[in-house]
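Those sequence lines, one after another, are chains A and B. Quick note: the first sequence uses my numbering, first residue 1, plus one each step. Quick note: the second sequence uses my numbering, first residue 1001, plus one each step.
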Amino acid sequence: AQSVTQPDIHITVSEGASLELRCNYSYGATPYLFWYVQSPGQGLQLLLKYFSGDTLVQGIKGFEAEFKRSQSSFNLRKPSVHWSDAAEYFCAVVGRGNNDMRFGAGTRLTVKP
Amino acid sequence: DAGVTQSPTHLIKTRGQQVTLRCSPKSGHDTVSWYQQALGQGPQFIFQYYEEEERQRGNFPDRFSGHQFPNYSSELNVNALLLGDSALYLCASSYGTSNTETQYFGPGTRLLVL
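Structure representation (structure tokens):
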């Protein structure tokens, strides 16, 4: 079955510290992979996406993600977190050839001053 | 340039009623997708509309239906509301139906069914 797992429901980091949010997927073939961020009262905003090629993907707001086929993972990273990064983060996958995008349950990020 | 807009922002209905939610896509976009986001969950794909036709559908019952108008705006209709239909309903727009196109999401309509 196609699924996306975000193992961490809630993460707290100090401002300026590094961040890694985990994402694992189960899919028949390598899907397209995405990370979205959702702030309260806002829609989802795309941070970055991976289709093929270089497995390290750069996104907006200083985020990057690394695709690891052997681990079926697509973890999101940021070297130094800002207070404005506090939000809900969603990993998503979609199969090549369909539009049924599957989202993980999300990881809520809290940033301590 | 307006992004994706949705109306209303909030809605309260009772079980068995019907509801219509509306979405205007980002300028230049012709494809609209709808998602249901239950509290504490990620969004779930309901369906996608392109050229006024439903192109793909997720695992939702026929109580969920939609429409796309010639100006690319879209409506989501839910009949015979259940308590479990309470959720944030998100609309996303893109240009074309390719899943490599970036989807832009609206702020959502929060539906509460009592």
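Quick reminder that beta carbons are idealized off the backbone N, C-alpha and C, glycines included. No experiment lies behind these values; they were computed from the predicted model shown.
Residue pairing by DSSP places residue 1034 of chain B opposite B:1047, B:1091 in a beta bridge. Close CB contacts of residue 72 of chain A within its chain, under the 8 Å cut and outside five residues either way in sequence, are with 24, 25, 26, 27 (chain order). For the pair of segments examined, the stretch 1037–1045 of chain B was found to touch the stretch 100–108 of chain A: the number of CB pairs separated by less than 8 Å reaches three.
Against residue 1107 of chain B, the close residues of chain A are 41, 42, 43, in the order they occur along the chain (beta-carbon pairs closer than 8 Å). Distances from the CA of residue 6 of chain A to each of B:1049, B:1040, B:1076 were compared; the closest alpha carbon is that of B:1040. For a cut-off of 8 Å, the C-beta gap from residue 1016 of chain B to residue 1092 of chain B is around 29 Å, too long to register as a contact. Cβ neighbours of residue 1086 of chain B within its own chain (closer than 7 Å, five residues either side excluded): 1111, 1112, 1113. Against chain A, a Cβ distance below 7 Å from residue 1045 of chain B picks out 100, 101. Residue burial annotation: residue 1024 of chain B is buried, with at least 16 other C-beta atoms found within 10 angstroms of its C-beta. At least one CB of chain A lies nearer than 8 Å to the CB of residue 1033 of chain B.
Counting only the Cα atoms, residue 1037 of chain B lies some 23 Å from residue 1029 of chain B.
Under the DSSP assignment, residue 90 of chain A falls in the beta strand (DSSP E) whose first and last residues are 87–94. Around the beta-carbon of residue 1069 of chain B, fewer than 16 other beta-carbon atoms lie within 10 Å, marking it exposed. In the displayed model, residue 61 of chain A falls within a helix according to three-state DSSP. A distance of 8 Å or more separates the beta carbons of residue 77 of chain A and residue 31 of chain A. Judged by their CB atoms, residue 47 of chain A and residue 67 of chain A are not nearer to each other than the 8 Å cut-off. With 16 or more other CB atoms across the displayed protein chains lying within 10 angstroms of its CB, residue 85 of chain A is buried. Proximity of residue 105 of chain A to chain B, defined by a Cβ-Cβ separation below 8 Å, is satisfied. If you ignore the 5 residues before and after residue 13 of chain A, its C-beta comes within less than 8 Å of the C-beta of 19, 81, 109, 110, 111, 112, all in its own chain and listed in chain order. Under the three-state reduction of DSSP output, residue 70 of chain A falls in the helix class. The residue among B:1077, B:1073, B:1095, B:1090 with its C-alpha nearest the C-alpha of residue 1063 of chain B is B:1077. In the structure shown, the three-state DSSP call for residue 1083 of chain B is helix.
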